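S.K.:
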Amino acid sequence: MLFAGCTAGPGADSLTVLGASSTRLLREDFGELGDGGFVFIDAGSSTLVQQLADGSPGDVLITADRANMDRAVAEGLVEDPRAVAVNSLVMVVPAGNPGEITSVDDLAGRTFILCDPRVPCGAASQEIIEDTGLRVEPSSLEHQVADVLGKVVSGEADAGWVYRTDALSAGEAVEVIEIPDSDQHITEVMAAVSTSAVDKQAAAEFVDALASEEMAGSWTRFGWTPAS
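Per numbering that gives the first Met the number 0, the very first residue in the sequence shown carries number 0; after that it's consecutive.
#1: Which residue or residues does DSSP assign as beta-bridge partners of residue 114?
#2: What's the C-alpha gap between residue 127 and residue 160?
#3: Comparing C-alpha positions only, which one of 134, 20, 86 and 48 sits nearest to residue 102?
#4: Just the Cα atoms here: how many angstroms apart are residue 118 and residue 47?
#5: Whose C-beta lies closer than 6 Å to the C-beta of residue 19 among residues of the same chain, with five residues either side of it excluded?
#6: Cβ of residue 121 within 8 Å of Cβ of residue 148?
#7: Ignoring anything shorter than 3 residues, give me the beta strand (DSSP E) runs that lie fully in the region 28-84, in order along the chain.
#8: Going by beta carbon distance, what residues of the same chain come within less than 8 Å of residue 215, once the five residues before and after it are set aside?
#9: Taking residue 154 as the reference, which of 211, 162 and 94 has the closest Cα?
#10: So is residue 171 buried or exposed if we call it buried at 16+ other beta carbons inside 10 Å?
#11: For residue 222 and residue 199, what's the separation of their Cα atoms in angstroms?
#12: My parser needs the beta strand (DSSP E) runs of 3 or more residues fully inside the region 172-210; what are they?
#13: Assign residue 41 to one of two classes, buried (16 or more other C-beta atoms within 10 Å of its C-beta) or exposed (fewer than that).
#14: Between residue 91 and chain C, is any beta-carbon pair separated by less than 8 Å?
#15: Do you know whose CA, among 84, 65 and 57, lies nearest residue 212's CA?
#16: How many Å lie between residue 194 and residue 92 at the Cα?
#17: Per DSSP, what kind of secondary structure is residue 101 in: helix, strand or coil?
#18: Could you say which of 130, 88, 98 and 97 lies nearest to residue 113 if we only look at CA atoms?
#19: Assign residue 18 to one of three DSSP states: helix, strand, or coil.
And the structure:
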């Protein structure tokens, strides 16, 4: 349909897309954008912004929140950002729920993992904790949501807070528990053209495709809500 991930290095007709780790789910679901396809590099949103600031090549930036995109705009790294989808957090436990956790009130004494507050999933987690007055002490803080999910799936952690999309991607490897007021703390997936893009027109078309009606069904299938 719209684009496809590839594992080869950048070519003359390839777009280099720096994508928040949560959006890695999209790489293998879509057709190609144009004739050249793209190279997808995933990491935490703040890391991707820093990579652009340090001069790393990139044509399109996709962040998991508005704050990191605002930083990229302020530093002159991107232009014309737009919201393309929204996400929210859920709690996941390993299949079988060995920690016998049924709600966020059961986290005391458990191995509980969050994202670092410097990345979008951690910032949203911190907002929920503060607004609900929840008293929890995470066992570790991870720099990307994929690492939180990985520790839960492996059984290294009894519970973790991840994006709804990541929980869906894990399938039967995890069980999902809703977080109170999570829907009040959504994160916006933002996309923008890098100011250093080699082909700004192709990059802009890619961003437009992410926000298109044709793309809406794909966002939904992976657990996002398309931006209105």
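All residues carry an ideal CB built from backbone N, CA and C; glycine is no exception.
Quick caveat: nothing in here was measured; it's all calculated off a predicted structure.
M.R.: In terms of the structure at hand:
#1: Partner residues in the beta bridge of residue 114, as assigned by DSSP, are 141.
#2: CA-CA distance, residue 127 to residue 160, rounds to 11 Å.
#3: Cα-wise, what sits closest to residue 102 is 134.
#4: About 11 Å.
#5: Exclusion of the five residues before and after residue 19 leaves 44, 61, 62 and 63 as the residues of its chain whose Cβ lies within less than 6 Å of its Cβ.
#6: No, the pair does not count as a contact, with Cβ atoms beyond the cut-off.
#7: Counting only runs of 3 or more residues that sit fully inside the region 28-84, the beta strand (DSSP E) segments are 37-42 and 59-62, in chain order.
#8: Once the five neighbours on either side are set aside, the close Cβ partners of residue 215 are 225.
#9: Selected option, being the one with the closest Cα: 94.
#10: The residue in question, residue 171, is exposed, as its Cβ has fewer than 16 Cβ neighbours within 10 Å.
#11: One C-alpha to the other measures close to 29 Å.
#12: Correct list: 173-176 and 186-193.
#13: Buried is the call here.
#14: This model lacks chain C altogether; it includes just one protein chain.
#15: Of the listed residues, the one whose Cα sits closest to residue 212 is 84.
#16: If I take the Cα positions, the gap works out to 41 Å.
#17: Note: residue 101 maps to coil in three-state DSSP.
#18: For the options 130, 88, 98 and 97, the alpha carbon positioned closest to that of residue 113 is the one of 88.
#19: Three-state result, residue 18: strand.
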